[in-house]
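Engineer: Pasting a structure here, questions to come.
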Amino acid sequence: VYDVTPFIDDHPGGDEVLLAAAGRDATNDFEDVGHSDSARELMNKFYIGEIDASTIPAKRPYIPPQQPSYNPDKTSDFVVKILQFLVPLLILGLAFAVRHYTKVE
Numbered sequence: 003v004y005d006v007t008p009f010i011d012d013h014p015g016g017d018e019v020l021l022a023a024a025g026r027d028a029t030n031d032f033e034d035v036g037h038s039d040s041a042r043e044l045m046n047k048f049y050i051g052e053i054d055a056s057t058i059p060a061k062r063p064y065i066p067p068q069q070p071s072y073n074p075d076k077t078s079d080f081v082v083k084i085l086q087f088l089v090p091l092l093i094l095g096l097a098f099a100v101r102h103y104t105k106v107e
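Convert by adding 2 to the 1-based position in the sequence shown; the result is the number in the working numbering.
Here it is in structure tokens:
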């Protein structure tokens with residue numbers, strides 16, 4: 003664990019970089035930047051100790067919320083399927099009836 007608070011004003015990348023990594027493991031962030039050997043030596047000055055691994059809470063796997071297996075509006079699936087079939091037929095029948103009765107002879 004490192005306390006880089008005294009270095010926050012002097013950090014070449016700005017204080018935002020350090021603040022974004024505060025309170026968490028920033029090892030990957032530090033390594034990805036490709037710091038120089040002198041920067042790695044400077045880190046020794048800010049070292050305050052090791053963290054006890056047993057105190058780190060275990061990550062729980064994400065479990066997505068389950069969707070209800072029922073139709074929320076209580077309409078049965080059978081009624082919905084019948085309506086999906088009958089409504090277009092009724093519209094088609096109505097269109098033919100209007101065309102037939104409004105035909106000019």
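Even glycine gets a Cβ: it sits at the ideal position worked out from N, Cα and C.
How long is the line joining the alpha carbons of Val6 and Val35, rounded to whole angstroms?
Structural biologist: Val6 and Val35 have their C-alpha atoms some 17 Å from each other.
Engineer: Which residue's Cα is closest to the Cα of Tyr49: Lys105, Pro63, Phe80, Phe9?
Structural biologist: Phe9
Engineer: Which same chain residues, not among the five before or five after Gly51, have their C-beta less than 8 Å away from its C-beta?
Structural biologist: Val3
Engineer: Compute the Euclidean distance between the alpha carbons of Ile53 and His13, then round it to the nearest angstrom.
Structural biologist: So the alpha carbons of these two residues sit roughly 24 Å apart.
Engineer: In chain order, which continuous runs of the alpha helix (DSSP H) of length 4 or greater are located wholly inside the segment 23–102?
Structural biologist: 29–35, 39–45
Engineer: Answer yes or no: do Asp31 and Ala23 have a C-beta to C-beta separation smaller than 8 Å?
Structural biologist: Yes, they are a contact pair.
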